[in-house]
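Just below is one structure, and these are the notes that go with it.
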Amino acid sequence: MKVQFKNILKAYSGKCDGLVYFYNPRLHRVLCRRHVIPKASPQNRRLAAVSSNLSALNPSPGFITDLRHYAALLPQQGQNWRNVYVKMMYALSRLYNVDLAVLTREQIEQLSLPCNSVKAAIEAGLLVPVKGYENYTSGL
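Numbering (my numbering), first residue to last: 385 to 524.
Below, the structure written as structure tokens:
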């Protein structure tokens with residue numbers, strides 16, 4: 385009996401010779417692209433400041449669980465709780481003109497922004513409504 389491996393390169397990813405290799409499960413192939421290090425720019429620094437500040441808000445475990453359940457109910461495949469969290473916060477910044485690079489929990493409470501719970505975010509139009517969203521009431 386001969387042993388055959390299927391999808392042997394499925395887990396193969398990394399950098400080599402100026403290329404980045406990764407497996408795309410939708411295409412069932414290993415792809416590669418040039419490894420490009422982005423140039424420092426004000427936009428990159430702004431994105432880094434916003435990302436670090438959103439992480440520093442440190443959402444509660446109950447809020448993360450609600451985001452996970454909400455993401456599982458979305459029609460788009462491949463959504464995880466972090467994607468939903470970032471989309472919600474950027475929608476908040478567009479609608480309420482809030483600077484995400486300096487936003488704190490105290491400002492969220494003082495201004496009573498609708499990102500305290502998934503239910504409030506859906507009712508404010510920050511997120512798309514899904515069936516049973518009324519149960520997602522855990523606080524940020």
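Just so you know, even glycine gets a beta-carbon here, dropped at the ideal spot from N, CA and C.
These numbers come from a predicted model, not from an experiment.
#1: Cα-Cα, which of Val512, Pro445, Gly398, Lys399 is closest to Pro459?
#2: Of all the options Cys499, Ile448, Asn437, which has the alpha carbon lying nearest to the alpha carbon of Ala485?
#3: State the DSSP-derived secondary structure class of Val434, mapped to helix, strand or coil.
#4: Take Arg417 as the anchor and find which of Ser435, Arg410, Ser397, Arg429 has the nearest alpha-carbon.
#5: Would you say Ser501 and Asp450 are within 9 angstroms of each other, going by their C-beta atoms?
#6: Tyr405 bridges to which residues according to DSSP?
Reading from the atomic positions:
#1: Your numbering for residue 459 matches position 75 in the sequence shown. Among Val512, Pro445, Gly398, Lys399, the Cα nearest to that of Pro459 is on Val512.
#2: Here residue 485 corresponds to residue number 101 of the sequence shown, with the count starting at 1. Selected option, being the one with the closest Cα: Asn437.
#3: One-based indexing of the sequence shown puts residue 434 at position 50. Helix at Val434.
#4: As a position in the sequence shown, residue 417 is number 33, starting the count at 1. Checked all of Ser435, Arg410, Ser397, Arg429; the closest Cα to Arg417 is Ser397.
#5: Residue 501 sits at position 117 when you count from the first residue of the sequence shown. Residue 450 sits at position 66 when you count from the first residue of the sequence shown. In contact: Ser501 and Asp450 (Cβ atoms closer than 9 angstroms).
#6: The count along the sequence shown starts at 1 and reaches residue 405 at position 21. In the DSSP output, where bridge partners are listed per residue, Tyr405 has Gly398, Cys416.
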